[in-house]
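Student: Line order of the protein sequences matches chains A and B. Letter by letter, the first sequence follows residues 1 to 281 of my numbering. Letter by letter, the second sequence follows residues 1001 to 1104 of my numbering.
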Amino acid sequence: MNNPLVAKLNHYLDSAAPFSSSVQAAMAEMSKQPVDLPAVCALLETDPVLIAAILRLANSPFYGFVREINTVSDAAMLLGVHSLKQLVISFSLMKRFSQAGKEGLGRQALWENSIAVAVASKILAREAGLDADVAFVAGVLSDIGLVVMDQCLAEEYQPVLAYRDRHSCSLVVAEQAVLKLDHGRVGAAAINQWGLPAIYSEVALCCDHSQEQPPKVPMVDLVHLAIVLIKGLWITTVPDSAMITLAPQTLTRLKLNWDQLEELLPEIDLSSREIIGRLLP
Amino acid sequence: MSAVEYRTVLLVEVDEGAVLAQDVLNEDGQILLCRGALLTPKLQQMLIQRGHTAIDILEQQPNLTEEQLREQLDAMFESQPSTPCMLELRGLFERFHARKASNE
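#1: With a threshold of 8 Å between beta-carbons, can residue 1066 (chain B) be considered close to chain A, or not?
#2: According to DSSP, simplified to helix, strand and coil, what is residue 1009 (chain B)?
#3: What are the residues that DSSP puts in a beta bridge with residue 133 (chain A)?
#4: Is it buried or exposed, residue 1065 (chain B), if we count other Cβ atoms within 10 angstroms and call 16 or more buried?
#5: When you check each C-beta in the region 1073-1104 of chain B against every C-beta of chain A, which residues fall closer than 9 Å?
#6: Report, in whole angstroms, the separation of the C-beta atoms of residue 1086 (chain B) and residue 246 (chain A), which I expect to be a contact under 8 Å.
#7: With DSSP run on the structure shown, which of helix, strand or coil describes residue 259 (chain A)?
#8: Of all the CB atoms in chain A, is at least one closer than 8 Å to the CB of residue 1003 (chain B)?
#9: How long is the line joining the alpha carbons of residue 165 (chain A) and residue 193 (chain A), rounded to whole angstroms?
#10: Checking the sheet assignment: what are the DSSP bridge partners for residue 190 (chain A)?
#11: Between B:1045, B:1083, B:1093 and B:1053, which has its C-alpha nearest residue 1016 (chain B)'s C-alpha?
#12: My assumption, with CB atoms under 8 Å, is that residue 76 (chain A) sits in contact with residue 87 (chain A). Please give the rounded CB distance.
#13: Check whether the Cβ of residue 60 (chain A) lies closer than 8 Å to any Cβ atom in chain B.
#14: Do residue 117 (chain A) and residue 145 (chain A) have their C-beta atoms closer together than 8 Å?
#15: At which residue ranges does the region 1053-1091 of chain B contain complete beta strand (DSSP E) runs of 3 or more residues, listed in the order of the chain?
#16: Distance check for residue 265 (chain A) and residue 1096 (chain B), CA to CA, integer angstroms please.
#17: Give me the chain B residues within the contact set of residue 247 (chain A), using Cβ-Cβ distance strictly less than 8 Å, ordered along the chain.
#18: Count the CB pairs spanning the region 39-46 of chain A and the region 6-26 of chain A that are closer than 8 Å, and state whether there are at least three.
#19: Tell me which residue opens and which closes the alpha helix (DSSP H) that residue 224 (chain A) is part of.
#20: Under 8 Å Cβ to Cβ from residue 27 (chain A), same chain only, skipping five residues before and after it: list those, please.
#21: Mind checking whether residue 1079 (chain B) and residue 15 (chain A) have CB atoms under 8 Å apart?
#22: Are residue 39 (chain A) and residue 29 (chain A) close, meaning C-beta to C-beta below 8 Å?
#23: Which residues, in chain order, does the region 140-169 of chain A contribute to contact with chain B at a C-beta distance below 9 Å?
#24: Can we say the region 198-205 of chain A touches the region 105-115 of chain A, given the rule of at least three CB pairs closer than 8 Å?
#25: How far does the alpha helix (DSSP H) with residue 282 (chain A) in it reach, from first residue to last?
#26: Would you mind giving the Cβ-Cβ distance between residue 1058 (chain B) and residue 1019 (chain B), rounded to the nearest angstrom? I have them listed as a contact below 8 Å.
#27: Where does residue 1 (chain A) fall in DSSP's three states?
#28: Name the DSSP bridge partner or partners of residue 1019 (chain B)?
#29: Helix, strand or coil: which one does DSSP assign to residue 8 (chain A)?
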C-alpha cells in the first residue's frame, strides 16, 4: 500500500490493538497443548463484557445446548477450547470497534452485516465440510477494513461515498478510484498487524470479489457466498447493498447446489437475526 | 430492512399488542418478561409501576407486494450480468421473500 494514507492507517493500527493483555494471555494459553483451562478462564473472567457476550451467544438456539451455560468454564467445556478461542477473537474485535464512527458508514449496520455473514458462513461451513468456528471469525472479519476506515479515515471516506453514488458502482471500485486502496486490503493489513492467522487476512482481502479461479483457501469461496446470501436476505442496511457477482465455480468448489441453498436460507435468515439481536441489543 | 427492527417508545404511548424487543429484568437480573412477549395493558401498567418509562418494541415491517419485491430485486441486480448463475440466485431470493411474506 504505497499511498500517503497508509502512514495514517499504520499509525492507527499500531495504536488500536483489539486485544487486552489478559485476552492476549488467554489466547496464548489456548494455543498450548495441553491447555490449562482454569488459567484460561481466570484470564477471560477479568473481562466481564467479553464473557457476557460469549455466554449470550453460547445460550442461543444457534448453539443448541440443552442446559444453560452460566460460566466461562461451562462454555469452554461445552463449546471446546477451539470454539471458545474463535468467539474471544470475534467479540474482542466487536467490543474494540463498537463506538460509532464519526460519520458516514453506520457502525451498527456494519457489525450487523458482519455478524450475519459470520452466521451464514458457519452454517455454510457445516454443509461444505469446512471448519465452522474459523468460518464464523472469517465472517466477522470480512468487513473489518470498512470498520477501520470508518474510524481512521472518516473524512477521507466521504468522497468515496459521493463517488459511489455518482457512478453507481461498488464501494471497492469507489475506494480504489478515490483513495487508491480498498477496504479488503486495509482489513488484511489490520488482521496481519494484530497477529491473527493468515487465513483471515486472505478472506478479508478476496471475499468481496467473484472467484472464477480457485482462491488460495476454500474459506474465501465460503465467505464470498455468505456475503452474497446475506445481501439477498435484506437483513441489514449496509452502505453497499448492490448484489455482487457469484461465479458458478464457487458453488461447485464448495460442493453445494441450489437446492441446498434454498433449504438453508430460512435457517440463515432466522439465525442471523437471532444472533444480531443477542449481540447488538 | 434492518435486522434489529425495533424502536424505543414511551411506555405510556405503547399500543396494545406491541411485541417486546428486549428482555425485561428485575433488580436481581432475573427475566420478568421475555423478548417476543406481547405487551398487554396489565403488563404495561406493571412496568410503569416498577419505574420503567420507555421500552423497545419490535417494528412490524409491512409485507412487500409481488410488484415491490420484483422492483427491489431488479434494483439490487441492476449492475449484474444475466448469467444462468445470477438468474438462479435472483430466483432463489424471489422465492424466499415471497414465501416469507405469505407466511407472515
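Beta carbons: idealized from backbone N, C-alpha and C, even for Gly. Being a predicted model, the structure only gives us computed values, none of them experimental.
Tutor: A quick look at the data gives this:
#1: no
#2: strand
#3: For residue 133 (chain A), which the question treats as bridged, DSSP gives no partner whatsoever.
#4: exposed
#5: The residues in question are 1073, 1075, 1076, 1077, 1078, 1079, 1080, 1081, 1083, 1084, 1085, 1086, 1088, 1089, 1090, 1091, 1092, 1093, 1095, 1096, 1097, 1099 and 1100.
#6: For a cut-off of 8 Å, the C-beta gap from residue 1086 (chain B) to residue 246 (chain A) is around 7 Å, short enough to register as a contact.
#7: Residue 259 (chain A) falls in the helix class under three-state DSSP.
#8: Because residue 1003 (chain B) sits at a pLDDT of 42, beneath the cut-off of 50, its placement in the model cannot be relied upon, and the following sentence gives the value as read from the coordinates. Yes, residue 1003 (chain B) counts as interfacial toward chain A.
#9: Residue 165 (chain A) and residue 193 (chain A) have their C-alpha atoms some 32 Å from each other.
#10: Looking at the DSSP assignment, residue 190 (chain A) forms no beta bridge with any residue, so it has no partner.
#11: B:1045
#12: Rounded to whole angstroms, the Cβ separation of residue 76 (chain A) and residue 87 (chain A) is 10 Å, and the two are not in contact under 8 Å.
#13: no
#14: no
#15: Taking 3 residues as the shortest admissible run, the region 1053-1091 of chain B contains the following complete beta strand (DSSP E) segments, listed from N- to C-terminal end: 1054-1058.
#16: 7 Å
#17: Here the neighbours are 1085.
#18: yes
#19: From DSSP, the alpha helix (DSSP H) with residue 224 (chain A) extends over 218-233.
#20: 19, 85, 88 and 89
#21: no
#22: Result yes, Cβ atoms of residue 39 (chain A) and residue 29 (chain A) sit closer than 8 Å.
#23: 168 and 169
#24: no
#25: Outside the modelled stretch of chain A, which goes from 1 to 281, sits residue 282 (chain A), for which no answer is possible.
#26: About 4 Å separates the beta carbon of residue 1058 (chain B) from that of residue 1019 (chain B), a gap short enough to meet the 8 Å contact definition.
#27: Below a pLDDT of 50, predicted positions are generally treated as unreliable, and residue 1 (chain A), at 49, falls in that range; the measurement from the model is reported next regardless. Note: residue 1 (chain A) maps to coil in three-state DSSP.
#28: B:1038
#29: Looking at residue 8 (chain A) - three-state DSSP - the assignment turns out to be helix.
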